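One structure is given below, encoded as structure tokens.
Protein chains in written order, with the numbering used here: chain A, 1 to 562; chain B, 1001 to 1370.
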């Protein structure tokens, strides 16, 4: 037994390599940010003056509350979209359920800042809807004005997080939970309030806190909507306009981290002890009813309305990508394919860069994720859970903060010819990999967990050594899950912008999301930007569908095996 | 584990109810789940629905609780038709197989739930929750969450939650299936005592004949959506109506064949070629199957016919030493018979291959129709 507990050299080597990777590309940059925020410029002495400055500066305080307001309201509006849809699919036999499934996935394939431009054209002050409203009814609705515009865009983009989590929670409720309540005399809304709602609460809170944090950290959407007095844009603007020596960008970064961590901590506090899955054995979801005629009309109405909203950015983007001029009119004046020609010609570099960066990031994620999962699940190495914890902590680090950290940490390191390390394109890849690592880690963890240890022991019992067991049993069984993890990392890295925005130093190194952002800044570039956006959506959609297919195939394979 | 407190007076002052199921049928699409079921459960009776999985017993229970709708027929309690009542209007308490304790409420809140739904005053609720938890020996754990309880404790809470509302009928869906073997024996005795004290009409669903036989007054054996036989456990055991019931209630030797006349001697000749000699001068039943229990037969040396016994010749093919008895498998033609012989210290076992005669007292041989 003792020799089993003793760490083998291979385990130690893998653990050290991961530790080095995380230390260099996650811990050090973030620590640098925190260090700068708490030290005096020039001397390096500990100080809280920077935070006092933050609290004294009207712009920053306003930005902070604006960010809180936008995030909270985005949760409220996203809930208004998600809750009816989740309830509808889990409670009723509803022919529109597949449509709702698509609804839950369509927004996520388009980066929110891309959708922002399209929504501006459709719902903005002089967008299609308001022009029509003004013509017919003589008034306009300010969907896209100021902070509310950001709320509107973010809610449409992020409501699937709540929908997916809440639906899963509802589907996990054992039917007997509901039946026991009915058996004891409960029904209708009381039953919902006392049993169904509390049981689904952990799922809802998980989704809602995710939306809050994502919106709080998002940089590009407010910038594109020309909202600058929010925290993430302020951090970006400070560092890019005043310089990486100015401490305020770092102070804001610390505030961003603290708020993200606080939001996650609060949500875990609220759901503590609520891991109901362990008590509920059956699952199977609530008993489904069929809709009455009136209910059907209402249900289809709600779904159609939300579908229209969700499709709006996609439709807008598509129209824009083919439009010659689209301004002060409900529809474009004329159509052209010139934008695509331009994007696929001179700007195809963006696409190539993105494919390289996202593939490399995905590959790094799957490798590091699998190694950590293996250490955690299959070895007794001391400190293995710490690795897991550090890698997962990347969740709480906003992209803009990571970007600032990389700049500060690696700008001073000069490579050949005096070129700072921070300007290498590899840095972008590493930032993307770190940002996506927590998700890939969870995927690897789940994939490895599905490989029952007895399957490995059976192989060893029949004469396969550890390496051959790994190759012949573990890896084949994990492949589906890992491929899905890679594809997810790839798809999200392909449209990631917040860290990238800080790190792109030359146009030649820029990925698609950056190019999009640059194009979208000027009215003249919007057509090309939209075309690039459509290409991004197609890439992400294709890879997402691919990952769904992989997951589904893997599930069927496993189901067939047992 | 604390045991259920048996010194408390019965909490239920209501008169026990009678349940009547009349001509109930239920099909899911093409599949017939219940086929013209009729059943009467008497007031205060502990009644079991016994059958293999998929026989429709749980569906029948859920039908009584209102979670399934019959295509035809009616269910009534004390003559009142409840077929069209919603589950929450029925006052029929059900203990779920997985207990279905709500994980977000503690034990006391779980038990109070049904009383709260009945808009009972707070002090009264507190008293009845206490009584119910006392009754199952769980009052010390009222503040625990279900996840902090063992399987047996969860089951007691589920029971307390159901009896707290003083239901007209108590339904138990495989109540012992999630408990380990030792606990099962203890809990089933406690269930019986509790039921007797409350005088509650109770229906238990189980696939375990031992469970049904030990605690129930009467049993309905079900298969393929049909009730095969209803009766007192010992009666059905001795007088099964068909081979399915005979087999389901315990080990049974069932031989298929027909009576032939072999030179004045009556012989039951099996399809496998074995010959069961029937002594003359006694009446025999009719049917194409002959049935007897392993412990009713005895083994003798070949050729020794016992008076008043049916006998059949064979050889010992296999034996299993069970402690209090030895089970011999006797090969007789194409048939294999199981014979249990009581074992006393000092006995010697018969050898494999030994030729023997199986002798069964004629009153223990039954004729069935397959």
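In this text, a Cβ means the ideal position worked out from N, Cα and C, and glycines have one as well.
Nothing here was measured: the structure is a model prediction, and the numbers come from that model.
Assuming the contact rule is C-beta atoms closer than 8 Å, residue 1147(B) and residue 1073(B) should be a hit. Round their C-beta distance to whole Å, please.
Contact flag wrong, Cβ pair sits at about 41 Å.
Please report the residue range of the alpha helix (DSSP H) in which residue 149(A) lies.
Residues 146 to 172.
Are the beta-carbon atoms of residue 123(A) and residue 144(A) separated by less than 8 Å?
Yes, they are a contact pair.
For residue 1300(B), report the span of its beta strand (DSSP E) as first-last.
Counting along the chain, the beta strand (DSSP E) containing residue 1300(B) begins and ends at 1298 to 1301.
What does the alpha-carbon distance come out to for the pair residue 545(A) and residue 538(A)?
Rounded to whole angstroms, the gap between the alpha carbons of residue 545(A) and residue 538(A) is 10 Å.
Which first and last residues belong to the alpha helix (DSSP H) in which residue 423(A) is found?
Per DSSP, residue 423(A) belongs to no alpha helix (DSSP H) and is neither H nor E.
At the 8 Å Cβ level, is residue 1247(B) part of the contact set with chain A, yes or no?
Interface annotation, residue 1247(B): not in contact with chain A, CB-CB separation never under 8 Å.
What three-state label does DSSP hand residue 1099(B) in the structure shown?
The answer is coil: DSSP assigns residue 1099(B) none of H, G, I, E or B.
Residue nearest to residue 1350(B) in terms of C-alpha spacing, selected from 1333(B), 1337(B), 1366(B) and 1319(B):
Checked all of 1333(B), 1337(B), 1366(B) and 1319(B); the closest Cα to residue 1350(B) is 1319(B).
Presumed contact (8 Å Cβ cut-off) between residue 1093(B) and residue 1163(B), rounded CB distance
That pair is a contact at about 7 Å.
If you follow the beta strand (DSSP E) that residue 1050(B) is in, where does it begin and where does it stop?
First-last of the beta strand (DSSP E) with residue 1050(B): 1046 to 1050.
Under the assumption that residue 391(A) contacts residue 22(A) (Cβ atoms under 8 Å), give the Cβ distance between them as a whole number of angstroms.
Confirmed, Cβ separation roughly 6 Å.
Using a Cβ cut-off of 8 Å (strictly closer), state whether residue 566(A) contacts chain B.
Residue 566(A) lies beyond the stretch modelled for chain A, which goes from 1 to 562, so this question has no answer here.
What are the start and end residues of the beta strand (DSSP E) that includes residue 1367(B)?
Its beta strand (DSSP E) spans residues 1366 to 1368.
Could you compute how far the alpha carbon of residue 1246(B) sits from the alpha carbon of residue 300(A)?
Taking the straight line from one Cα to the other gives about 56 Å.
Closer than 8 Å is the cut-off here; do at least three beta carbon pairs connect the region 198 to 214 of chain A with the region 230 to 241 of chain A?
No, because fewer than three Cβ pairs between the region 198 to 214 of chain A and the region 230 to 241 of chain A fall closer than 8 Å, the two stretches do not touch.
With 8 Å set as the bound, which would you pick, yes or no: does the beta-carbon of residue 1098(B) sit closer than that to a beta-carbon of chain A?
Closer than 8 Å to the CB of residue 1098(B) there is at least one CB belonging to chain A.
Could you work out which residue in 247(A), 346(A), 367(A) and 378(A) is closest to residue 563(A) when comparing CA atoms only?
As shown, chain A starts at 1 and ends at 562. That puts residue 563(A) outside it, with no answer to give.
is_contact[residue 1332(B), chain A] using C-beta, thresh 8 Å:
Residue 1332(B) does not count as touching chain A.
Just to check, is the beta-carbon of residue 53(A) closer than 7 Å to a non-hydrogen atom of the ligand ATP?
Of ligands this structure carries none, so the ligand ATP is not represented either.
Check whether the region 1301 to 1318 of chain B touches the region 1327 to 1335 of chain B, taking contact to mean three or more Cβ pairs, one atom from each stretch, closer than 8 Å.
Judged by Cβ distances under 8 Å, the region 1301 to 1318 of chain B makes contact with the region 1327 to 1335 of chain B, as three or more pairs qualify.
Would residue 176(A) count as contacting chain B if we go by Cβ distances under 8 Å?
It does; some Cβ of chain B falls within 8 Å.
Residue 11(A) (DSSP reduced to helix, strand or coil):
It is helical.
Candidates 1157(B), 1090(B), 1138(B) and 1121(B), of which the one nearest residue 1110(B) by Cα:
Among 1157(B), 1090(B), 1138(B) and 1121(B), the Cα nearest to that of residue 1110(B) is on 1157(B).
Residues bridged to residue 1336(B) (per DSSP)
In the DSSP output, where bridge partners are listed per residue, residue 1336(B) has 1331(B).
Would you verify that the beta carbon of residue 1065(B) is, or is not, closer than 8 Å to some beta carbon of chain C?
Looking at the structure shown, chain C is missing, and the protein chains on hand are A and B.
Give the DSSP-derived three-state secondary structure of residue 1031(B) in the structure shown.
The answer is strand: DSSP assigns residue 1031(B) an E or B state.
Under three-state DSSP, which class holds residue 1258(B)?
Look at residue 1258(B) here: in three-state DSSP terms it is strand.
Helix, strand or coil for residue 1077(B)? Go by DSSP, reduced to three states.
Note: residue 1077(B) maps to strand in three-state DSSP.
Select from the region 1110 to 1129 of chain B all residues with a C-beta closer than 7 Å to any C-beta belonging to chain A, and list them in chain order.
Contact residues of the region 1110 to 1129 of chain B toward chain A are 1113, 1114, 1117 and 1118 (C-beta to C-beta distance below 7 Å).
Residue 1361(B), enclosing beta strand (DSSP E) - first and last residue:
According to the DSSP assignment, residue 1361(B) belongs to the beta strand (DSSP E) that extends over 1355 to 1361.
If we ignore side chains and look at the alpha-carbon of each, how far apart do residue 1363(B) and residue 1302(B) end up?
Roughly 22 Å between the two C-alpha positions.
Is there a C-beta anywhere in chain A that falls below 8 Å from the one on residue 1093(B)?
Chain A, which has a Cβ nearer than 8 Å to the Cβ of residue 1093(B), makes this yes.
Thinking C-beta only, is residue 373(A) closer than 8 Å to residue 441(A)?
Here residue 441(A) is near residue 373(A), since their CB atoms are less than 8 Å apart.
Starting from residue 134(A), trace the alpha helix (DSSP H) both ways and give me its first and last residue.
Judged by DSSP secondary structure, residue 134(A) falls within the alpha helix (DSSP H) whose first and last residues are 128 to 137.
Check whether the region 1199 to 1209 of chain B and the region 1125 to 1135 of chain B are in contact - that is, three or more C-beta pairs closer than 8 Å.
A contact is defined here as three or more CB-CB pairs under 8 Å, and the region 1199 to 1209 of chain B fails this definition with respect to the region 1125 to 1135 of chain B.
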